[in-house]
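Notes follow once the structure below has been shown.
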Amino acid sequence: WGSMAGRCAVCDASGGKQCSGCQQVSYCGRDHQRQHWKAGHREQCRCFKISSNAILGRHLTATRPIRRGELIFNDSPLLLGPKIASIPVCLGCHRNLPPLMNSHLQVDFYHCRHCSWPLCGPSCETATSHKDECPLLARSSKSIGSRLQFCFSDPTRKESVYCAVVPLRALLLKRSNPERFRDGFLTLESHLETRIKTPLYAALRSNLVPFVRDILGMGGEVTERELLEIAAILDTNCYDVRLPELDVKVRALYELGAMMSHHCRPNTKHYFDERLRLVVVATVDIPKDAVISISYTQPLLSTIQRRYAIQQSKCFECCCDRCRDPTELGTYLGSIVCPSCRKAKVVAFDPLDLRSDWQCESRKCSFRESAVDAVRRNELRQAEIMAVARTVSPRDQYERFLVTHQLESSKEELGLLHPWNSNVLQVKYALTQLYRGAATEPQPEAHLRRQVELCRDLLEVADRLEPGFSPFRGKLLVALRDALL
């Protein structure tokens, strides 16, 4: 039982006590609580509600204090299917497809006997996700062979024809459950006015639209604009679902998941279970009425990198606490050591303006540079890191990168990366994975000490950027444990 509050949800008597689960309804006693639970409160009792404001739009807020580690919700996908460009996947179970040897001793996939699209086998022909679309996809059977040009020597090659599958499933939702399509799916943000100007949507106009309207014969059900709106809603709200143990890599739309607000210092983490449900868990204690947030980006990216990535993928500009802070919560991830005074750090004058000048924090130093120069310098370091990542044995070269760019040097471009610069931290994190990956063999004590040093350094950063039960901290703690055992 919760505290004293309002009127009983069953009989309207005063002096009831709040439901401890959601703190949104009250009861005069246990009998009416049980009665209301069976009458439908079971499905409505949860620790959050859908709120709305001018800045965030619709979002989730806590209706009571939520404890760190507490399950907030799990959400089954409203729509699920291949990504816009995908390697061969089964339209029934969504697993990656293994090539088979056909009767002509040629490498091929099993093809649905009705629509000719590749599947795992006969059992997936009647799978729930495929049975309704199959008659429509059968209309494409004559052209699908020429459209799906699988390269069996390159299993990573992606096919763009899969871009039609999830939009088609959205249209089938419209047929089977028009109210849910109208009141649920269509109410989600699309940012179509922004997306329609991009090369991707020019390609969708040329490929997706004629495929659905002409080849599948659905021109009478959906206009070009409506189809692009559906594609934009999917691009804005879908999650990438990756389950390596099940060999699954698809995208999915979750109604509650789509309501979650982004924050670069989130208070939740999420994962996908074996039923492909979205599971959201609190990583820190969340007070009542606080926004429940998720992160669309990686914690070790600088503000410029994070905001650019979000703008490109989700079509909005993040203005969270971390993005507004020139020091990035005291980590200075996007900063370098001042090339002039070699003591203070260089920060953006206005972190929310990508064109803002950068300046030395020291009042005694007059160093200032344009955003273009700051970005160019960072891109050079990123290019170095990417070049190292492509080498056969990157560990020693990563260590050399750290030594080179953190030396006290008079050369202009050396010695400018402080220990928590984003490039340095990305290299350090890569090293923790490389040292841990070599742990199957006996490691020199120096390597183990180095692993411990790296993990402890990164954990300090994690405590500021993604504290609590975050995946980032979890991976570091596992790597630290392995080095200490």
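Under full-length UniProt numbering, think of the first position of the sequence shown as 1, with each following residue one higher. Glycine residues also receive a C-beta, built at the ideal position from the N, C-alpha and C atoms. Just so it is clear, the structure is predicted and the values come from calculations on it, not from any experiment.
Check the DSSP bridge columns for residue i and list the partner residues they point to.
i	result
Ala479	Paired residue(s): none; Ala479 is not in a bridge.
Arg251	Gly81, Asp240
Tyr27	Lys17
Glu159	Ser86
Leu278	Asp75, Phe272
Arg46	For Arg46, which the question treats as bridged, DSSP gives no partner whatsoever.
His262	Ile294
Ile336	Val346
Arg368	Gln359
Ile286	Ile66
Cys8	Ser26
Give a yes or no on whether the C-beta atoms belonging to residue i and residue j are separated by under 8 Å.
i	j	result
Cys319	Leu354	no
His262	Ser313	no
residue 502	Asp75	This structure cannot speak to residue 502, because the chain is shown only from 1 to 485.
Arg64	Cys47	yes
Leu208	Ala232	no
Leu454	Lys428	yes
Gly334	Thr303	yes
Leu448	Ile336	no
Leu234	Leu192	no
Pro299	Glu460	no
Leu79	Ala164	no
Ala479	Arg436	yes
Ile50	Met259	yes
Arg265	Asp350	no
Cys365	Cys338	yes
Ser141	Gly92	no
Cys315	Thr404	no
Gln359	Val375	no
Ser340	Asp357	no
Thr297	Ile310	yes
Pro77	Leu253	yes
Closest to residue i by CA distance: which of the options is it?
i	options	result
Thr432	Val392, Thr404, Gly334, Arg473	Arg473
Lys292	Leu300, Val281, Pro88, Val248	According to the sequence provided, residue 292 is Ile. The question's Lys does not apply to it. The residue with the shortest Cα to Cα distance from Ile292 is Val281.
residue 568	Leu137, Glu453, Phe48, Ala374	The structure shown does not extend to residue 568, since the chain is modelled only from 1 through 485, so no value can be given for it.
Thr223	Leu234, Leu243, Pro167, Arg139	Pro167
Glu379	Gly6, Cys315, His270, Asn423	Asn423
Arg67	Ala232, Thr268, Pro118	Thr268
Ser86	Asp285, His270, Arg242	Arg242
Arg368	Leu71, Arg381, Lys345, Cys45	Lys345
Lys131	Ser141, Cys112, Ser140	Cys112
Ala430	Phe469, Glu445, Ile385	Ile385
residue 488	Ala479, Asn96, Leu78, Asp12	Summary: the structure shown does not reach residue 488, with the chain confined to residues 1 through 485, and so no result is reported for it.
Phe272	Asp350, Cys360, Gly257	Gly257
Lys215	Val161, Ala9, Lys197	Note on identity: in this sequence residue 215 is Ile, with Lys being the wrong assignment. For the residues Val161, Ala9, Lys197, the minimum Cα distance to Ile215 belongs to Val161.
Ala62	Val284, Asp350, Arg34, Gln397	Val284
Phe73	Asp350, Arg306, Arg277	Arg277
Ser190	Cys238, Thr126, Phe211, Ser356	Cys238
Pro471	Gly21, Gly69, Ser20	Gly69
Tyr332	Leu301, Ile310, Phe316	Leu301
Pro98	Arg58, Asp247, Ala348, Arg175	Asp247
Arg395	Pro77, Ala203, Leu434	Leu434
Glu159	Pro118, Lys288, Arg390, Arg30	Pro118
Ala446	Leu484, Asp457, Pro419	Leu484
Gln382	Ser116, Phe401, Arg342	Phe401
Asp325	Asp31, Gly468, Arg464	Arg464
Asp154	Leu188, Tyr110, Pro88	Pro88
Pro419	Gly81, Leu458, Pro178, Leu71	Leu458
Arg363	Arg377, Lys343, Val372, His36	Lys343
His94	Ser123, Ile286, Asn421	Ser123
Taking residue i and residue j to be in contact with their CB atoms under 8 Å, please state how far apart those CB atoms are, rounded to whole angstroms.
i	j	result
Gly415	Gln406	7 Å
Gly217	Arg139	6 Å
Cys28	Cys11	6 Å
Lys83	Arg307	The Cβ separation is near 24 Å, so there is no contact.
Gly6	Ser26	4 Å
Cys120	Cys134	Between Cys134 and Cys120 the Cβ distance is about 14 Å, and since that is not below 8 Å, they are no contact.
Restricting to runs no shorter than 3 residues, where is the beta strand (DSSP E) found entirely within the region 50 to 136? 57 to 62, 71 to 75, 79 to 81
Contained beta strand (DSSP E) runs [length at least 3] in the region 166 to 213, N- to C-terminal order: none
May I have a chain-ordered list of the alpha helix (DSSP H) segments no shorter than 4 residues that lie completely inside the region 382 to 424? 394 to 406
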